[in-house]
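Numbering (this note's numbering), first residue to last: 18 to 138.
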C-alpha cells in the first residue's frame, strides 16, 4: 500500500512530465482506510499535506521542490488555521500559492490541496 490514497475517480494521483510533477488535489483521506480523517481543519490540512509528502517522496522529491500549490477550502474562515499547519511544511522560498473557498469538496472534506513540483529546484 502506498502512503497516499488512491484516486477516487477517473484521474491519476499524479503525472510526471519531464522535470515537472503535477499532483492532483489531495483530500484529507487516510490511506489506511479511505476515510476523511477525524478532526477539524488543522487535522485535515495535515493529512492532505502528508498525502502530498508521500507522493513527492515516491518521486524522489520533497516540499522544497514545490513551485505552486492550490488550496481549496470549504469555508474561507478556516484560512488562518489551515495556513498555520501549511507553514510547518514549507520553507523559503515558498511556492506560489492560490487559496480560495469553494461551495463543496468531495466526501465533505474541509480542505483539498494540489501541488506542482520541479526536479530542477
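Even for Gly, the Cβ is constructed at its ideal location relative to N, Cα and C.
Grouping DSSP H, G and I as helix and E and B as strand, with all else coil, what is residue 133? strand
When we look at the beta-carbon of residue 113 and count the other beta-carbons within 10 Å, is it buried (16 or more) or exposed? exposed
Assuming residue 76 and residue 22 form a contact by the criterion Cβ under 8 Å, report the distance between their Cβ atoms to the nearest whole angstrom. Not quite, the Cβ-Cβ distance comes to about 16 Å (not below 8 Å), so this is no contact.
Is residue 126 near residue 45, with beta carbons less than 7 Å apart? yes
Tell me whether residue 18 sits in a helix, a strand or coil according to DSSP, three-state version. Low local confidence applies: a pLDDT of 48 at residue 18 is under 50, so the model's placement there is unreliable, and no value is given.
Classify residue 83 as buried or exposed, calling it buried when 16 or more other Cβ atoms lie within 10 Å of its own Cβ. buried
Which listed residue (39, 137, 107, 78) has its alpha carbon closest to that of residue 63: 107
Drop a sphere of 10 angstroms on the beta-carbon of residue 109, count the other beta-carbons inside from all chains shown, and report buried for 16 or more, exposed for fewer. exposed
Alpha helix (DSSP H) containing residue 63: first to last residue? 58–75
CB-CB under 8 Å to residue 78, same chain, minus the five flanking residues each way: which ones, in chain order? 38, 134, 136
Using a Cβ-Cβ cutoff of less than 8 Å, which residues in the same chain neighbour residue 42 once the five nearest sequence positions on both sides are dropped? 87, 89, 129, 130, 131
Which of helix, strand or coil does DSSP assign to residue 97? helix
Below 8 Å on the Cβ atoms is my guess for residue 58 versus residue 98; work out the distance and round it to an integer in Å. 5 Å
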